[in-house]
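J.: The opening position of the sequence shown corresponds to residue 46 in the working numbering, with each subsequent residue numbered one higher.
By construction, the Cβ of each residue, glycine as well, lies at the ideal position given by its N, Cα and C atoms.
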Amino acid sequence: MLDAVFKALADASRRKLLDQLFKSNGQTLGELCAHLDMTRQAVTKHLRLLEDANLISVVWRGREKLHYLNPVPLHEIYERWIGKYEGEGHRLQALSDLKKGLEKNENPKG
Numbered sequence: 046m047l048d049a050v051f052k053a054l055a056d057a058s059r060r061k062l063l064d065q066l067f068k069s070n071g072q073t074l075g076e077l078c079a080h081l082d083m084t085r086q087a088v089t090k091h092l093r094l095l096e097d098a099n100l101i102s103v104v105w106r107g108r109e110k111l112h113y114l115n116p117v118p119l120h121e122i123y124e125r126w127i128g129k130y131e132g133e134g135h136r137l138q139a140l141s142d143l144k145k146g147l148e149k150n151e152n153p154k155g
């Protein structure tokens, strides 16, 4: 199942959809489309893949289909791939800060 989650997270548009649901959970297709420069059909395909990866769930309210973020698979990734490095937290944070600082100096406009 984690393979499907990683595949779903590999696309920037799908990550943006998840970010939109994090900001405001329970959005319709139309509301989600307003944040992306793509057709409703393309957004629908992305949502279907997110749903297949169990990253979103759908609730019907009358004729409206509402999309909700399901953070459980993300937590499972955290537990499996990130949490075990918690003991290394200070060193990893220092390396991350150094990397960001160097990248900023390489690209001062970014």
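1. Taking Cβ positions, are L62 and H91 nearer each other than 8 Å?
2. Give the straight-line distance between the Cα atoms of V117 and L100, rounded to the nearest whole angstrom.
3. Could you name the residues that DSSP lists as bridge partners for W105?
4. Within this structure, are the beta carbons of S58 and L81 separated by less than 8 Å?
5. DSSP beta-bridge partners for Q86?
6. Check each candidate in K52, Q86, H112 and name the one with the smallest Cα separation from D64.
7. Leaving out five residues before and five after L94 in sequence, what residues of the same chain have Cβ atoms less than 7 Å from its Cβ?
8. Give the range of the alpha helix (DSSP H) segment to which G75 is assigned.
9. Identify, in the order they occur along the chain, each residue of the same chain with its Cβ nearer than 8 Å to the Cβ of E124, setting aside the five sequence neighbours on each side.
T.: So, to answer that:
1. Judged by their CB atoms, L62 and H91 are nearer to each other than the 8 Å cut-off.
2. Straight-line measurement puts the Cα of L100 at about 8 Å from the Cα of V117.
3. K110
4. yes
5. According to DSSP, Q86 bridges with nothing at all.
6. H112
7. Within the same chain, and ignoring the five residues on either side of L94 in sequence, the residues whose Cβ sits closer than 7 Å to its Cβ are A53, R59.
8. In this chain, the alpha helix (DSSP H) harbouring G75 covers 74–78.
9. none
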